[in-house]
Structure formats: C-alpha cells, structure tokens
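Whatever position you read off the first sequence (first residue = 1), add 149 for this note's numbering. Input: a single structure, listed below in structure tokens.
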Amino acid sequence: MLEKKYNHLEVEQGKYESWKSNGLFDSGKNNGKPFCIVIPPPNVTGKLHLGHAWDTTIQDIMIRYKRIQGFDALWVPGMDHAGIATQAKVDKKLREEGIDPRSMDRADWLKVAWDWKKEYAENIHKQWAKLGLSLDYNKERFTLDEGLSKAVRTVFVRLYEEGLIYRGERMINWDPLAKTALSNEEVIYKDVEGAFYHIKYPLVGSDEYLDIATTRPETMFGDTAVAVNPSDERYQKYIGKKVILPLVNREIPIVGDEHADPDKGTGCVKITPCHDMNDYEVGLRHNLEKIVVINPDGTMNENALGYQGLDRFDAREKLVQELEEKGYLLKIEKIIHSVGHSERTDVMVEPYLSKQWFVKMHPLADKVLENQKNKNTKVKFLPARYEKIMNHWMEITYDWCISRQLWWGHQIPAWYKDDQVYVGMKAPEEEGWVQDGDVLDTWFSSALWPFSTLGWPDITEDFKKFYPTSVLVTGYDIIPFWVNRMTFQGLHFTGQRPFEYCYIHGLIRDKEGRKMSKSLGNGVDPMDVIEEYGADALRYYLSTSTAPGTDLRYDEEKVKSTWNFINKIWNASRFVLMNIEDLESESLEDLTMADKWILTRLEMTIKNVTKYMDKYEFQNVNAVLYKFIWEDYCDQYIEMAKFAMDNVSTKSTLRYTLIAILKMLHPFMPFVTDEIYKQIPLVCDDITTSDYPMIDKSLIFSDEERQVNDQIEFMRVFRNKKAELQLTKEYKVYLKNNVDYDMISKMLKWDGHITLEKLEAKAYEVSYREYEVILYDEHEETEEDKEKRQKEINTLKQSIEKREKLLANEAFVKKAPASLVEQEKEKLKSEKKKLEQLEGE
RNA sequence: GGGCGUUUAGCUCAGUUGGUUAGAGCAUCUGCCUUACAAGCAGAGGGUCUGCGGUUCGAGUCCGUAAACGCCCACCA
Numbered sequence: 150m151l152e153k154k155y156n157h158l159e160v161e162q163g164k165y166e167s168w169k170s171n172g173l174f175d176s177g178k179n180n181g182k183p184f185c186i187v188i189p190p191p192n193v194t195g196k197l198h199l200g201h202a203w204d205t206t207i208q209d210i211m212i213r214y215k216r217i218q219g220f221d222a223l224w225v226p227g228m229d230h231a232g233i234a235t236q237a238k239v240d241k242k243l244r245e246e247g248i249d250p251r252s253m254d255r256a257d258w259l260k261v262a263w264d265w266k267k268e269y270a271e272n273i274h275k276q277w278a279k280l281g282l283s284l285d286y287n288k289e290r291f292t293l294d295e296g297l298s299k300a301v302r303t304v305f306v307r308l309y310e311e312g313l314i315y316r317g318e319r320m321i322n323w324d325p326l327a328k329t330a331l332s333n334e335e336v337i338y339k340d341v342e343g344a345f346y347h348i349k350y351p352l353v354g355s356d357e358y359l360d361i362a363t364t365r366p367e368t369m370f371g372d373t374a375v376a377v378n379p380s381d382e383r384y385q386k387y388i389g390k391k392v393i394l395p396l397v398n399r400e401i402p403i404v405g406d407e408h409a410d411p412d413k414g415t416g417c418v419k420i421t422p423c424h425d426m427n428d429y430e431v432g433l434r435h436n437l438e439k440i441v442v443i444n445p446d447g448t449m450n451e452n453a454l455g456y457q458g459l460d461r462f463d464a465r466e467k468l469v470q471e472l473e474e475k476g477y478l479l480k481i482e483k484i485i486h487s488v489g490h491s492e493r494t495d496v497m498v499e500p501y502l503s504k505q506w507f508v509k510m511h512p513l514a515d516k517v518l519e520n521q522k523n524k525n526t527k528v529k530f531l532p533a534r535y536e537k538i539m540n541h542w543m544e545i546t547y548d549w550c551i552s553r554q555l556w557w558g559h560q561i562p563a564w565y566k567d568d569q570v571y572v573g574m575k576a577p578e579e580e581g582w583v584q585d586g587d588v589l590d591t592w593f594s595s596a597l598w599p600f601s602t603l604g605w606p607d608i609t610e611d612f613k614k615f616y617p618t619s620v621l622v623t624g625y626d627i628i629p630f631w632v633n634r635m636t637f638q639g640l641h642f643t644g645q646r647p648f649e650y651c652y653i654h655g656l657i658r659d660k661e662g663r664k665m666s667k668s669l670g671n672g673v674d675p676m677d678v679i680e681e682y683g684a685d686a687l688r689y690y691l692s693t694s695t696a697p698g699t700d701l702r703y704d705e706e707k708v709k710s711t712w713n714f715i716n717k718i719w720n721a722s723r724f725v726l727m728n729i730e731d732l733e734s735e736s737l738e739d740l741t742m743a744d745k746w747i748l749t750r751l752e753m754t755i756k757n758v759t760k761y762m763d764k765y766e767f768q769n770v771n772a773v774l775y776k777f778i779w780e781d782y783c784d785q786y787i788e789m790a791k792f793a794m795d796n797v798s799t800k801s802t803l804r805y806t807l808i809a810i811l812k813m814l815h816p817f818m819p820f821v822t823d824e825i826y827k828q829i830p831l832v833c834d835d836i837t838t839s840d841y842p843m844i845d846k847s848l849i850f851s852d853e854e855r856q857v858n859d860q861i862e863f864m865r866v867f868r869n870k871k872a873e874l875q876l877t878k879e880y881k882v883y884l885k886n887n888v889d890y891d892m893i894s895k896m897l898k899w900d901g902h903i904t905l906e907k908l909e910a911k912a913y914e915v916s917y918r919e920y921e922v923i924l925y926d927e928h929e930e931t932e933e934d935k936e937k938r939q940k941e942i943n944t945l946k947q948s949i950e951k952r953e954k955l956l957a958n959e960a961f962v963k964k965a966p967a968s969l970v971e972q973e974k975e976k977l978k979s980e981k982k983k984l985e986q987l988e989g990e
C-alpha cells in the first residue's frame, strides 16, 4: 500500500539502477520502427546545470514516449571533450598545484587530462541517473574515443582530398590567454568602454598633419599606411603622399581605399595589416608591408620599440602618455564600442596573422541551402522559424578555422617533411615526417556526432537502422556552433540530413529574466531541486512550462506546485489501490453513468494527449492531462465512485483510467508512475516497456457524458447559491420534476433535506437544464451568526467611509484616471448595497 | 544597418486550422479538518489580450502600422 504522503526521495531511491540493470533502456529489444536521438554531448568540464536538465528531459520524454508506443527507441549518450574549455580547466588545476602546464611533456599532460575526464564523466553519469534519463549506455561514446577519432580523420582526409580543407596564412581570431586560434563563432562581442585616441601623423615635408583616430594606439608600431577614401574631398590631395609615423619615425604612404569611411572617426584611418581584419585586406590591395607587433601571449614584441615585453593594455596606457608628452596626442574621446572576446577565456581576442587549417565553407553550405528546399529531405525545425537562422548562416558563412593550438583534442592528421605536406589516416611509413602539433576545433568532431556515434565511417547495423536520427534537441544558442555544422557535414558525408526534426528550446533564466550565470550567482543546481522536490517534479515543470523555442524563467514556486500535482496523483492512486485490492478481474460491463462519463472523457484525453505528444507540444499535453486528472478524475469521478464501491465495473473503471493516466504521465514523471504502476492489482509488466493507451471507441458514451456534465454544472450552481446564502444545515430542497437526482442528491448530501411539499420559508429557484429545484432557506440566525454579521457590517462601514472620503477628494476625481474613479464609484455602490442587505436581515 | 521574438489576470505563463462566456499555476477573498489528499475540498473576485488601422458574419489568433522590452547576424579606425 502507498504511504500516506508522496515522498519523492523514497520513490526515486534505487529505481534508476534497477531499470538500467534490467535493460529497460536498451535498444534493439523489439521489432518496432526505429526512433533515435543522440544526446547533445555535455562538456566534460563540469557539472550539468538547469539548462542540461531541461534539454535532456525533453529528449527523455520523446524517447520514453516512443519506447512505450513500441518503437525501437535508441537514445545515444555521450560527452564532448570540449577542447579549450577542458584544457583551460586542467591547466588551471595544474597551476594551482604549482605546475606550469606548458613545461610538461605533452603525453604527461594528456594523462592528467584523461584523469580529469574520467572524474567528471562519472559525475555526469550520476546526474543523468538522478534525472532518470533512459539512455542506452551500451552505445555510449566520447568525442575522443577510438571510433570517433577514426570518423574525424576520415572526414579531414576526404575534405582535404576534395579541396575543401586547406592550410594557409590568414587573419584569424586569436585568444592570447589560451594561445590558440578561434573560429568566428567563438568570438563574443561585448560593449566596453573605450576611447578614440586622436593622434597627429605629420605629413612628410610639410607642417600639416593628419588627425588619426584609433581605439588601439598600441598597434601603431605595425602601421604601414594611412588610408583615406578616394572620394573624400578633404583628403584626396594627400593620396600618394607620406606621413611620418610618430615615435617610430618611419615614413608610411597615404593610400586611397574604399575601406576608409569619411563619416567615421576623422575619415583617415591607420592601416595595421597584421592586427586588424580589414586592414589586412587593405594591405593586400595596396601591397603593404606586414609588421607584427604583438606576441601570441598578448605582450608587445621587438617591433614595439621600448614597449617590448609589456602587456598590450599596459603598453597602450604608457604609449598614450608618451604621445601626449611629445605632443602627438590631439585628444581622447570616450566611447562605448563593441569588442570581441573569447567565448571560453573571456579575454579580448587579437586579430592575428597566422598559418592555420580552414574548411572551405561555401560548397558545403550551398548543399544545405539546396537541400532545405526539398520538403522531404530537409531538416524540419520546431518551431519552424529557426530554419531561417540556419539558412542565413549558410548564406553568409566564411571559411572555418579548424586548427587550435591546444593539446586536448584530435591531433590534425597532417605530417610535414621539409616543404612537403602529407594528409592521411596514418603517419607516413617513411622516416622524417613530423605530425602537425595542433588539434582540431572541438566542433569539428561534434559536427559528426549523429553519425559517428552510430559507427560511421563503417556502415554498421546501427547506422543503417537509426540514421538519419529522428530528432535533435538543443537550445537556439547552439544553432551556429553545432546544428549548422552537423547539417552540412551530415549532408556531405552521408548524403542525408543528420536528423529529421530539430527541436529548439530557449534558455533558462532566473525569476527576474536574467541569464543564469556564475558571475551573477543566480545559477540553480538541478541536483538541489531534485533533492527537495524530486526529479519527477523538476522534469514535469521544465517540460511543460513554456512553448517550444521560448525562454523559461525558473520559478521554484512552480516546481513546488508541480510537486503538489504529483502528491495529488499519489493520493488518488492511494484511494484507488485501497479500494481495488480484491479485484479479481477487470470488467467494463454494466457501467454506471459516472463510469461511462469518465471513460468517455478519458478517450477524449487520450486522443488529445497523443495528438500533442506527436507534435512535441508538451505544454498542451499538460493542459489536457492536468485538467483531466485533477478535475475530472479526482474531483468528480472519484467522489462519484465512492457511492458505487461495491461495483466491479466502477472498480475496473478506476483501475483502467488510472493505468491510462500513469502511462500518459510516464514519459514526464517516470519514477512515481513506475512506483504506483507496480502496485496495481493484475499488473505484471514494466510501465517503461508496456504499451501506450489507445482510443477504444466502444468506451465512448456521448449521451451519458453530456448528462453527467449537466449534473456537475447543476451541482456547481446549487453550491454557489448555498454559499451565497451561507446555508450550512438549515435548508430544504424541493424537487420540481421527476428526473434522476440520485447522484446529485448523494454528492450534495441532500439526505434529510429533501421535502416533498412546498414550504412557507424563503425560497430560491435553482436550476440548470433539466435539473430544477427550489431551495428553502430555513436558517435562523444564532448569536454567533449575529456577531459574524456585525463584524462584517463594521468592516464594510469602514471601507465605505474610506471610499467616500476618496471620492470627495476633488484632486483625486480630477487627476486620477476616469476609469479608476468609476471603479471606485462602482465599488462604493456595491458596498452600500451589501450593507443594506446585511442590515435589513 | 539586416533579421527574429515577446507584449494575455497582481506575478509566471498556456491559448491548435479565426468560432459560445479568453484558461492554468501561484497570490487574494469566503466557507469547510467531508477517513485518498488541509501540500486538500467547495466557491468567489480579478482581463479594453501593448496602442492604432484593416480583412471577416466573427480577431488574442490573419494583414498593416507604431511603441516598449529582449535576442541573433553584420559593422564598429
């Protein structure tokens, strides 16, 4: 028998391990149609946050729904090695231990990193278990494991052979802290306070000078030109002339280039080809000299004269001082401008000229754009609007810098010997070849996740059966990093979309709508929530609180009320189990009106829930289920059933409906439904792998359903009247007609209140449809009643006095919104009326 | 500069292909310890669906427009 109160800790204890050891999550156990989701692999850098809980719960609901429907459901677990993020954390740990990570041998460092991975992976496994995720651990993968490495090398080699991967010297985004190249997607632009430093660049052989405004004066050592717009009448005349670079005393040319915008700054712009993306292009156009002035670690190099060795920001400060002292500084103009920061280390990225590996994007992106035109083969986004985000990215994309100067990742399968380059699956046999020391961008391997986890490049049984996968679930912030890349890689290498549907959810925010972040300290650990309210409550809350694609404001109160809902289900189940213990076999013959009513409602519920589940509209599933369970099943049907407990049909209906409810809830709240289901008499299967409720047309009784609806509505009207008259015991009911009042009279406890003749007492007509009665008020006022009434009169009088005063206040009547005044008048009127009534009685 | 989203009860949010009286949770008010549940039951109050215009027999829903807030992309000497 169930405990009196729902105790999530007890219910959830040990369940996951038992599910897992009984193989309930394993794929390949039935002959159903394949349904497959690959988990977005969490980074092995830390613990899961609420966003993960949300993301994985949605997937678990989909998987459990399909599994219970008889699909061969496969949910592939796995984790991401998360290159920069993990390396940064491992390095930090080493530094805290007093070890300089870069002085270590690469192999030794990797050992430390793998230990880290092991520890954190274990953590994540524990959290997945707490959340109740029905992952098939037989298929678990890691982005750095053997099979996935093979997939990565295969893709690299093929793209190289196809001319879609190349190595070249380009301007890239450089992270001076992690000392690695970044892709454009890894650069986060932030508004920061800065300044326009106006610097005097004297013209050669003249007293004139150009006013150059720059936000980065420290790069001036690398200036190799000044550009003005050829159409800018102010400066046209200087094109071809030269200026002297202050302090450096180097002569640099003034060039005419469209890049110079007459409306920006002063209209003349210094050109630093090695430290600015646009300047690099200008440099190429005008064949300018390239001078690097900043080291990979963000300090100034030997070209920066006396500033060598100084950090770029310290150098800026000192340089500005020197410029001022020497009279070159015209003015400093404070501005707010947006500056690129590294996504992982948060330091300002440095545009940097370096030799890196790139993926040529346009041929790959064009394939996606082409494929999205075909309704049958495209990736279908839910909500559909997110398709535009992907398509736009495909249109404007540029070559993807994939090499990273890190140790943690897939080492690039390229070997060098003198001037030769070899790209292949294995090192060349011949001696003297040295492998590229760089690794690939983490997203390069993540991009292959939907097929590499299924065994590709080998055409395995799993790959044949489950690819393309059914749905991918992720947040909209991950579309550029991951969804887009999986899509073009999937199309290119498998000829198919990697997933049929892409379900996009929003971000978790705090109650005030702010992003949850470490710096704000407003993060919520899902494990704490589970401890307090249970995984079922958290899961149900997260999955049903918003429509797809929109952000979710985390509100603990709502988790609490979800807990209440589960407690309600628990107690209803408890009642049912207490009453059907002796049921020998289920029989849905000889049904009562109430039985027919709830069964009809159940069929409608199954229909709607299935419809919404199929569309993954979980918030709508909740609306339907919550109402059915709480209002129809608990508040109405169970109350009615209490009068028919010796009925086998009623017991059977209670059981039949409860089972359907539990199965519909199971994908959302696996723990509690499993616990209750196990205890239902005559049940001997596992709810996880049982079967989903199906509509049974023989259990739809429209006439009875309508009739009971009318009875319920009548009871509501009657109770209403009773409450209004504050009647408790002293009343009589006269039935005006001969219709069936049996259930009504039981539910309203009319026993002893029914009169067969009309009375002289105060009478009120109460009716709904065919149900018509007269309610006689026989209530005589007691001392207690009088006191109560007097108290009410007093508070009413006080309120009236206050309101009259307010309305007498001319300022209020004049200045306050007319509607408010009107409202106050209305209130006053009704209060006076009520007072009259009370005093008259 | 280009694009997208949001705006519905005091708060947080649902609202399907346009269709009776726009819903829920929490909060508020009234009355109940009725043996499944007081973390509950029976009721009540609370909305010009951001403003304006249009299409329609009918608009929270479709179209146009304005505003506020938020996001994405691009640019930012």
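For every residue, glycine included, the Cβ atom is placed at its ideal position computed from N, Cα and C.
Are ILE393 and THR373 closer than 8 Å when you measure CB to CB? no
Closer than 8 Å is the cut-off here; do at least three beta carbon pairs connect the segment 153-170 with the segment 807-821? The segment 153-170 vs the segment 807-821: in contact.
How would you write the range of the beta strand (DSSP E) that ASP340 sits in, first residue to last? 336-351
Identify which residue in ASP356, THR368, ALA344 and THR415 has its Cα closest to the Cα of ARG383. THR415
Just mark SER968 as buried or exposed, buried being the case when its beta carbon has 16 or more other beta carbons within 10 Å. Here SER968 scores only 49 on pLDDT, less than 50, and its place in the model is too uncertain to base an answer on.
State the Cα-Cα distance for the pair ILE210 and LYS279, rounded to the nearest angstrom. Rounded to whole angstroms, ILE210 to LYS279 spans 15 Å at the Cα level.
May I ask you to verify whether the segment 209-223 touches the segment 181-195, counting CB pairs closer than 8 Å and requiring at least 3? yes
Can you tell me whether SER968 is helix, strand or coil according to DSSP? Only weak support is given to the placement of SER968: the predicted model assigns it a pLDDT of 49, under 50, and the question is left unresolved by the model.
Measuring CA to CA, which of TYR805, VAL758, LYS707 and GLU735 is closest to ILE747? TYR805
Segment contact, 8 Å Cβ cut-off, at least three pairs: the segment 357-368 with the segment 472-489: yes
Counting C-beta neighbours from all protein chains within 10 Å, is the total for MET369 16 or more, i.e. buried, or is it exposed? buried
Any contact of the segment 521-529 with the segment 670-686, i.e. 3+ C-beta pairs under 8 Å? no
Take GLY232 as the anchor and find which of TYR501, ILE273 and THR329 has the nearest alpha-carbon. THR329
From LEU669, PHE615 and GLY644, residue whose alpha carbon lies closest to that of ASN180: If we check each option's Cα against that of ASN180, PHE615 comes out closest.
Rounded straight-line distance, which links the Cα of VAL397 to that of ILE443: 16 Å
If you check the beta carbons only, do LEU459 and PRO366 fall under 8 Å apart? Taking 8 Å as the Cβ cut-off, LEU459 and PRO366 do not qualify as a contacting pair.
If you run the structure through DSSP and keep just helix, strand and coil, what is GLY296? helix
VAL431 versus PRO445, ASN450, ASP410 and MET449, residue with shortest Cα-Cα distance: ASP410
Which residues share a DSSP beta bridge with ASN192? ASP229
By DSSP, does ASP763 sit in helix, in strand, or in coil? In the three-state DSSP reduction, ASP763 falls in the helix class (H, G or I).
Within the chosen definition, does the segment 687-706 reach the segment 754-769 through at least 3 CB pairs nearer than 8 Å? Flag = yes, the segment 687-706 and the segment 754-769 touch.
Can you tell me where the beta strand (DSSP E) with ARG316 in it begins and where it stops? 314-324 is the extent of the beta strand (DSSP E) around ARG316.
So, is ASN378 buried or exposed, given that buried needs 16 or more other C-beta atoms within 10 angstroms? So ASN378 ends up on the buried side.
Can you check whether the CB of CYS783 is closer than 8 Å to the CB of LYS709? Taking C-beta atoms as the reference points, LYS709 and CYS783 fail to come closer than 8 Å.
Using CA coordinates, which residue listed in THR235, MET892, ALA910 and GLU879 is at the minimum distance from GLU862? MET892
Expressed to the nearest angstrom, what Euclidean distance is found between the alpha-carbon atoms of LYS153 and LEU726? Going by C-alpha positions, LYS153 is about 12 Å away from LEU726.
Alpha-carbon to alpha-carbon, VAL508 and LEU308: 8 Å
Does the segment 303-322 come into contact with the segment 496-516, if we say contact requires no fewer than three beta-carbon pairs (one atom in each stretch) closer than 8 Å? yes
For GLY312 and VAL572, the rounded distance between their alpha carbons: 12 Å
How far does the beta strand (DSSP E) with VAL187 in it extend, from its first residue to its last? 183-187
Buried versus exposed call for CYS651 [16 or more other C-beta atoms within 10 Å across all chains shown]: buried
Which same chain residues end up closer than 6 Å to MET794 when comparing Cβ atoms and leaving out the 5 residues on each side of it in sequence? ASN728
How many angstroms separate the CA atom of LEU472 from the CA atom of THR235? Straight across, the Cα-Cα distance linking LEU472 with THR235 is about 42 Å.
Looking at the structure shown, is PRO512 part of a helix, part of a strand, or coil, going by DSSP? helix
Classify LEU656 as helix, strand or coil using the three-state DSSP reduction. Looking at LEU656 - three-state DSSP - the assignment turns out to be coil, as it is neither helix nor strand.
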